[in-house]
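Peer 1: My questions all concern the structure below.
Structure (structure tokens):
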């Protein structure tokens, strides 16, 4: 019940296209859903996060869509650029201390 | 100004040795973490300290021991290193409260030969 399932494992998108990564959770006590971005050789960094009181949050080209009834949330990257090539992690939390992480998606944007 | 720093960045050592990785954060955060990232990029929480007190201790071999001398530092000591310990180890910190964001260090790539 603590798991966060992320898909796909890897994704190749043409430059200018839309990248979509999905996550699903079971524990309805989760109240914070972040996405982290990790470039090779670097630590993960927070990209965007959402709480379950809203269904969508947008920051620039990045949007989180949240479906509380389906217990799913997704990251959409509009107008994907080669610089977006990275590994993306979804996560969920219900307290101050512990994030439950998805397995990661390696995104490659082809020029 | 580096927010979360780790030393060393690379560590190559032989099986059976003991090694330490140091972590420091200058963000004034109360909570610090150690993660292990394997070759498939999976992030596994190992330990978490809040104000020098251990609050998360996942199933990790006893050979791994965290030490928090103060709120800004969380070191990881590993005894009797094994081949399977080869991974990238990340330190992170967070403020807690309503701000759940975790800030990660650059990672330490440990290779055990």
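Chains as they are written, first to last, in our numbering: chain G, 1 to 111; chain R, 1001 to 1113. Beta carbons: idealized from backbone N, C-alpha and C, even for Gly.
1) Determine the extent of the beta strand (DSSP E) in which residue 1042/R is found, giving its start and end residues.
2) Just list the beta strand (DSSP E) runs in the stretch 21–78 of chain G, keeping only unbroken ones of 3 residues or longer that don't cross its boundaries, in chain order.
3) Count the CB pairs spanning the stretch 99–106 of chain G and the stretch 1057–1068 of chain R that are closer than 8 Å, and state whether there are at least three.
4) Using a Cβ-Cβ cut-off of 8 Å, state whether residue 93/G counts as contacting chain R.
5) Do you know offhand how far residue 1006/R's Cα is from residue 1074/R's?
6) Strictly under 8 Å for the Cβ-Cβ distance: is residue 28/G near chain R by that measure?
7) Determine, using beta carbons only, whether residue 35/G comes closer than 8 Å to chain R.
8) Thinking just about the alpha-carbon of each residue, which of 89/G, 61/G, 67/G is nearest to the one in residue 26/G?
9) Could you please tell me which residues of the stretch 1039–1061 of chain R, in chain order, have their CB closer than 9 Å to any CB of chain G?
10) Count the C-beta pairs between the stretch 78–89 of chain G and the stretch 37–46 of chain G that are closer than 8 Å, then say yes if the count reaches three, no if not.
11) Answer with yes or no whether the minimum CB distance from residue 89/G to chain R is below 8 Å.
12) Relative to the alpha-carbon of residue 52/G, which residue among 42/G, 74/G, 60/G, 33/G has its alpha-carbon at the smallest distance?
Peer 2: According to the structure shown:
1) Run containing residue 1042/R: none; DSSP gives neither H nor E here.
2) 33–38, 45–50, 56–59, 62–67, 72–77
3) no
4) yes
5) 10 Å
6) no
7) no
8) 67/G
9) 1040, 1041, 1042, 1043, 1044, 1045, 1048, 1050, 1055, 1056
10) yes
11) yes
12) 33/G
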